[in-house]
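Numbering (the UniProt record's numbering), first residue to last: 1 to 379. Here is the structure we will look at, set down as structure tokens.
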């Protein structure tokens, strides 16, 4: 069964996570992704050795690609890279502001060579402005954009425990590339895309930013709770676990008070009549909720919440996610052996997908050199 992007050639001069995230999703959809690596390889290959000797980040984000070692500081390798780009549909690179241009394959020159080319440059802070030259690792950008200021507890800011900046930026890049491919079908022209980690996380911060800019409100850190909704938070239960309860509206509040807490009298208390009232009186309300839930086991609380149609979740560990009955998995081949991972979210009904192998460093170098050694003709 043909995949949507079969026939699309992507050249990815990439490392770490943001650009590999975007190109891995193009590969999942059938694009041919040729990953250009240094002789020592994408440094993400060395982050850890947890998956049969391979890096977790690398095997997650580089399935279905071809690995080619090039040193584009050498004239012959640069000529080969330019020849590949001349025949490509998409060029993705995240070398840093201006690095591709200085090396000889910047977006302006490559699009002049191949007007149908879609370029996607990924940087930390953009290509201009006072922070353009700053290093931009994931946690640094979480801190700079204020993400850490709204994450954690009242006592201390925290880091989002996964690479939110890299993942979010990769998602934006992937979506923009797909938009450009659709536009090219109509116009015949490629596009020049730029996405930065700072812009991606600033977009994610729009709700607390708007609260501050227009209401003067500093978005508080509330741990496993919510700044503007109550009751919404994690509560200990009798068997040492926690359950997270989310009451989003007044109808849900009525069911929660009467059927879960067994306290219909709370519905007559003006302190809890609306969500605004409940937020203002959060401490007292949380104490009531906590006292009742502490008498139940996790399973009893789950059953009562489900019966009342009140939103809830267990506060799970990674080990519990691994064994979760709802977790979908995909199997992928890596240099060190086959592994299972959480399946990509999109499901195409009636069109099941499999996922390509993770390449060994330089695995496809000889074959790709032979294929593209003929010059720089635009297909």
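Cβ coordinates follow ideal geometry from the N, Cα and C atoms, glycine included. Given the structure is predicted, the values throughout are model-derived calculations rather than measurements.
Go through its chain and collect everything with a Cβ distance to residue i's Cβ below 8 Å, but skip five positions before and after it.
| i | result |
| --- | --- |
| residue 222 | 153, 154 and 233 |
| residue 27 | 10, 33, 63, 64, 65 and 356 |
| residue 17 | 44, 57, 61, 138, 163, 166, 167 and 170 |
| residue 151 | 142, 157, 158, 159, 160 and 221 |
| residue 272 | 253, 257, 266, 278, 281 and 285 |
| residue 198 | 124, 125, 126, 131, 136, 141, 144 and 145 |
| residue 85 | 11, 91, 105, 110, 113, 114 and 117 |
| residue 219 | 149, 150, 207, 208, 211, 212 and 227 |
Consult DSSP for residue i and reduce its assignment to one of helix, strand or coil.
| i | result |
| --- | --- |
| residue 168 | helix |
| residue 137 | coil |
| residue 339 | strand |
| residue 87 | coil |
| residue 332 | strand |
| residue 47 | coil |
| residue 10 | strand |
| residue 365 | helix |
| residue 355 | coil |
| residue 151 | coil |
| residue 175 | helix |
Comparing C-alpha positions only, which one of the options sits nearest to residue i?
| i | options | result |
| --- | --- | --- |
| residue 364 | 120, 37 and 225 | 37 |
| residue 242 | 352, 224, 361 and 14 | 224 |
| residue 34 | 268, 80, 72 and 12 | 12 |
| residue 15 | 368, 203, 94 and 102 | 94 |
| residue 413 | 319, 333 and 275 | Given a span of 1 to 379 for the chain in the structure shown, any question on residue 413 remains unanswerable. |
| residue 299 | 237, 193 and 345 | 237 |
Using a Cβ-Cβ cut-off of 7 Å (strictly less than) and excluding sequence neighbours within five positions of residue i, which residues of its own chain qualify?
| i | result |
| --- | --- |
| residue 99 | none |
| residue 260 | 304, 305, 308 and 310 |
| residue 96 | 123 |
| residue 41 | 361 |
| residue 70 | 36, 77, 80 and 81 |
| residue 231 | 245, 247, 278, 285, 286 and 289 |
Can you tell me whether residue i sits near the ligand COA, meaning its C-beta is under 7 Å from at least one heavy atom of the ligand?
| i | result |
| --- | --- |
| residue 137 | The ligand COA is absent from the structure shown, which contains no ligands of any kind. |
Excluding the 5 residues flanking residue i on each side, which residues of the same chain have their C-beta closer than 6 Å to its C-beta?
| i | result |
| --- | --- |
| residue 313 | 244 |
| residue 29 | 3, 4 and 5 |
| residue 377 | Only weak support exists for where residue 377 lies, its pLDDT of 41 falling under 50; the value from the coordinates is given anyway. Excluding sequence neighbours, residue 377 sits near nothing in its chain. |
| residue 373 | none |
| residue 89 | 8 and 9 |
| residue 191 | 118 and 180 |
| residue 39 | 69 |
Buried or exposed: residue i, going by 16 or more other Cβ atoms within 10 Å of its Cβ?
| i | result |
| --- | --- |
| residue 174 | buried |
| residue 321 | exposed |
| residue 145 | buried |
| residue 1 | exposed |
| residue 182 | exposed |
| residue 20 | buried |
| residue 54 | buried |
| residue 389 | Any question about residue 389 goes unanswered here, given that the chain covers just 1 to 379. |
| residue 346 | exposed |
| residue 31 | buried |
Exercise. Curious, which full-length alpha helix (DSSP H) runs of at least 4 residues does the region 224-260 contain?
Worked result: 250-255
For this session: May I have a chain-ordered list of the alpha helix (DSSP H) segments no shorter than 4 residues that lie completely inside the region 51-76?
Result: 56-61
Exercise. In chain order, which alpha helix (DSSP H) runs of at least 4 residues are fully inside the region 284-312?
Worked result: 298-307
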